[in-house]
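Each remark here refers to the structure printed beneath this line.
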DNA sequence: GTGGTCTAGACCACT
DNA sequence: GTGGTCTAGACCACG
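Written out as structure tokens, the structure reads:
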């Protein structure tokens, strides 16, 4: 795994979100074993303490489990994964819609803008 | 003016965005005089230095101008205001669309979700 | 007279330099009467206190004289005017040469750069 | 590092320019770690907040980068450094040439004056 | 009255 | 350890 980091957000949060997305999208499946702190730290060239913090938070959210002596695993609870997905999507949606309204855009404007944005992307992708 | 502050973002940024929105939406018009540092500080119960920081950044973005000894004014360049509006909307849009795609949503899903969200809000508003 | 003001320098200084230049270049001649504080203030849309300050400083430098009840006049001492010109040129020169050396430019570089700059201007002027 | 401060310019600007020059001249190389806020503050006997302000501005110009929790570094983008050098030299040049013309000097005068000034300095330097 | 700068000292998040 | 933010209070130049 390689990642580019944005200095405006804590690294542990960036890694955390990255892993959550991998799980949601299915690149990491329920029950999969996760790289150890040391491995990930070496791979990403990041301080192990930062990775530790990442896992701590993932565990707090119940998306990762530690099995003593065996390592860390993606939770087997698919419901947890689904609810995390909804939560992340909901946050994205809220921030976007609220933000647009604060800028004075109305419902129809917002839908138009999004429609154009995603269809444009589709075009580019198929070129 | 009154404001509620969110602890997760620097106060100066929150005030900054608040003022940018007021200007974009037209509550503050091009050329309008802006509350002085001391006035705003008193009004919001915030340290004047924090307000100073806010204005510093707004000035850097060209949305506010200082006239020596007289105070600060909203820029008269309407084009600047429009481009800031576009920039802010573009950021919101990008973060949303990219984020949703990273979660595995496809174009049609994204449009559906947004449509539902904004129409739901409209219903509530008209109740 | 009209002037554009730069917000990064005190207005009184800008007017002051402007008048010094007019005198040096000969647009205002030794012994000429100078606009009154009120006139200048109205013309430039500037606070009279600021104009007052301008004249105060010009007087301190001996380049302007007050004749009680008659108004203010450009000094008749041509030597004063010449020495002001040398002083201003010297300051410009020093700031430039010292600055360029601090940036690592050597003597021959500096001469080359200036030569190019002024000859380029000459070309433009004759177009 | 030691510095003498000039009361006519904000300290943070003086330090800023000083560091820009060090980087341009190569005393600080691309990628080098920069003294921490606290270190520099102690060294220069200046309040840490003032140093903070200095770095804030340097970062805005893209000549310095912050790596979270690790400290600040000179940008690795040599092109950024070069363009800053050109910008600073251009400003010096403009202010000088424009200023001299405003005083009535013509192209050949300007070149002569600069040539004399720099050659005189060379003589002194070799004494 | 206005903004700009500086100091002193504190707290926090991040690595 | 690092930088980022905030407060409190002071002084200055400018108009």
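Chains as they are written, first to last, in UniProt numbering: chain U, 1 to 127; chain V, 1 to 127; chain E, 1 to 127; chain D, 1 to 127. For each residue, glycine too, the CB sits at the ideal point set by N, CA and C.
(message) What ranges does the alpha helix (DSSP H) occupy inside the region 30 to 68 of chain V, keeping only unbroken runs of at least 4 residues that lie completely in it?
(response) 37 to 44, 48 to 60
(message) Rounded to the nearest angstrom, what separates residue 77 (chain D) and residue 83 (chain D) at their Cα positions?
(response) 10 Å
(request) Spell out a yes or no on whether the region 52 to 60 of chain U and the region 87 to 97 of chain U are touching, meaning 3 or more CB-CB pairs, one atom from each, closer than 8 Å. (result) no
(request) Classify residue 99 (chain E) as helix, strand or coil using the three-state DSSP reduction. (result) helix
(request) Would you tell me roughly how many angstroms separate the C-alpha atoms of residue 107 (chain E) and residue 98 (chain E), rounded to the nearest one? (result) 11 Å
(request) Run down chain V in chain order and give the residues with a C-beta less than 9 Å from the C-beta of residue 104 (chain U). (result) 21, 24, 25, 26, 85
(request) Could you check the C-alpha separation between residue 6 (chain V) and residue 47 (chain U) for me, to the nearest Å? (result) 30 Å
(request) Spell out whether any CB of chain E is found under 9 Å from the CB atom of residue 72 (chain V). (result) no
(request) Could you check the C-alpha separation between residue 105 (chain V) and residue 111 (chain V) for me, to the nearest Å? (result) 10 Å
(request) For residue 66 (chain E), count neighbouring Cβ atoms within 10 angstroms of its own Cβ and tell me buried if that reaches 16, exposed if not. (result) exposed
(request) Over the uninterrupted beta strand (DSSP E) stretch that includes residue 129 (chain V), give me the two end residues. (result) No information on residue 129 (chain V) is available, as it lies outside the stretch 1 to 127 that chain V covers here.
(message) By the DSSP assignment, the alpha helix (DSSP H) with residue 20 (chain V) in it spans what residues?
(response) 11 to 25
(request) Tell me whether residue 4 (chain U) sits in a helix, a strand or coil according to DSSP, three-state version. (result) coil
(request) For the region 1 to 14 of chain U, enumerate the residues whose C-beta is nearer than 8 Å to any C-beta of chain D, in chain order. (result) 7, 10, 11
(message) Please tell me whether residue 73 (chain U) and residue 32 (chain U) are closer than 9 Å, where the distance is taken between their beta carbons.
(response) yes
(request) Please report the Cβ distance between residue 64 (chain V) and residue 70 (chain V), rounded to the nearest whole angstrom; I am assuming they are in contact, meaning their Cβ atoms lie under 8 Å. (result) Wrong, their Cβ atoms sit about 13 Å apart, outside the cutoff.
(message) Distance check for residue 120 (chain D) and residue 79 (chain D), CA to CA, integer angstroms please.
(response) 34 Å
(request) Could you tell me which of D:94, D:81, D:26 sits nearest to residue 61 (chain D), measuring between CA atoms? (result) D:81
(message) Determine whether the beta carbon atoms of residue 103 (chain E) and residue 28 (chain D) lie at a separation below 9 Å.
(response) no
(request) Indicate whether residue 68 (chain V) and residue 10 (chain E) have their beta-carbon atoms separated by less than 9 Å. (result) yes
(request) Could you check if residue 118 (chain E) is buried or exposed, using at least 16 other CB atoms within 10 Å of its CB as the buried criterion? (result) buried
(message) residue 3 (chain D) and residue 44 (chain D) - do their beta-carbons sit closer together than 9 Å?
(response) yes
(request) Would you mind telling me which residues of chain U sit closer than 7 Å to residue 82 (chain V), beta carbon to beta carbon, in chain order? (result) Those do not exist, as residue 82 (chain V) stays about 12 Å from chain U at its closest Cβ, beyond 7 Å.
(request) Assign residue 202 (chain E) to one of two classes, buried (16 or more other C-beta atoms within 10 Å of its C-beta) or exposed (fewer than that). (result) In this structure chain E extends from 1 to 127, so residue 202 (chain E) is not present and cannot be described.
(message) Give me the residue from D:109, D:101, D:114, D:113 with the minimum Cα distance to residue 22 (chain E).
(response) D:101
(request) Can you pull the chain E residues whose beta carbon is under 8 Å from the beta carbon of residue 68 (chain V), in chain order? (result) 7, 10, 11
(request) Taking only beta-carbon positions, decide if residue 17 (chain E) is within less than 9 Å of chain V. (result) no
(message) Run through chain D and tell me which residues come within less than 7 Å of residue 92 (chain E), C-beta to C-beta.
(response) 96, 99, 100
(message) If distances are taken between C-alpha atoms only, which option among U:96, U:95, U:75, U:37 comes closest to residue 26 (chain U)?
(response) U:75
(message) Can you check whether the C-beta of residue 79 (chain E) is within less than 9 Å of a C-beta belonging to chain D?
(response) no
(message) For a cutoff of 9 Å on Cβ pairs, would you count residue 65 (chain V) as touching chain E?
(response) yes
(request) Pull up the distance between the alpha-carbon of residue 19 (chain E) and that of residue 39 (chain E), whole angstroms please. (result) 15 Å
(request) Work out the CA separation of residue 96 (chain V) and residue 96 (chain U) for me, nearest whole Å. (result) 6 Å
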